[in-house]
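Counting from 1 along the sequence shown, just add 72 to a position and that's the residue number in our numbering.
Yeah, the Cβ is synthetic: ideal placement off N, Cα and C, and Gly gets one too.
Below you'll find the structure, written out as structure tokens, and then a few comments.
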Amino acid sequence: MQNPKHLLYTKEHEWADYNDDYVSIGITDYAQSQLGDVIFIEFPNIGQKIVAGSIFGEVEAVKTVSDLFSPISGTIVEINENIEENPNLINDDPYGDGWIVRIKPSNLKEKEGLMDYLKYKEFVGQ
Numbered sequence: 073m074q075n076p077k078h079l080l081y082t083k084e085h086e087w088a089d090y091n092d093d094y095v096s097i098g099i100t101d102y103a104q105s106q107l108g109d110v111i112f113i114e115f116p117n118i119g120q121k122i123v124a125g126s127i128f129g130e131v132e133a134v135k136t137v138s139d140l141f142s143p144i145s146g147t148i149v150e151i152n153e154n155i156e157e158n159p160n161l162i163n164d165d166p167y168g169d170g171w172i173v174r175i176k177p178s179n180l181k182e183k184e185g186l187m188d189y190l191k192y193k194e195f196v197g198q
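Structure (structure tokens):
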């Protein structure tokens with residue numbers, strides 16, 4: 073499990089991990105705990121272009137279904153095929169093996185609109 077303190081967050085409870093070539097995206101521990109056991113992920117297509125704030129997929133859980141919102145604009149370069157076969161990785165390790173997609177960002181300035189760890193914790197009241 074990665075340390076969530078270096079990640080950036082959205083108000084929709086997605087996280088973003090910026091690397092040199094791509095940004096990994098997943099849902100937060102708070103989000104997965106609210107959803108319950110994840111049973112299915114609807115992925116976007118590799119090569120699909122997405123815009124920050126737009127829906128790029130869906131998480132189906134025992135309790136509910138929730139849209140996935142992209143924290144940044146860019147192109148989908150990878151999906152986590154491991155969670156396609158084992159969606160409970162999102163519950164077990166939301167900041168590590170439970171990542172959902174990787175995006176090649178088209179506008180690095182968009183990360184300025186995301187929350188750091190402390191702001192996100194305050195946002196969710198923890």
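Counting along the chain, L140 sits inside no alpha helix (DSSP H); it lies in the beta strand (DSSP E) bounded by residues V137 to F141.
When DSSP reads this structure, A88 sits in a beta bridge with L80 and I97. Of the residues assessed, H78 falls on the exposed side of the cut-off, its CB having fewer than 16 other CB atoms within 10 angstroms. Under the DSSP assignment, E156 falls outside any beta strand (DSSP E), being part of the alpha helix (DSSP H) whose first and last residues are E153 to E157.
Ranked by Cα distance from I127, the first of K191, V196 and E84 is E84. Restricting attention to G125, I118 and A133, the CA atom closest to the CA of L161 is found in A133. In the displayed model, A124 falls within coil according to three-state DSSP, outside both helix and strand. Rounded to whole angstroms, the gap between the alpha carbons of P159 and K181 is 31 Å. With contacts defined as CB atoms closer than 8 Å, L80 and L186 qualify as a contacting pair.
When rounded, the separation of the alpha-carbon atoms in I97 and K135 is 22 Å.
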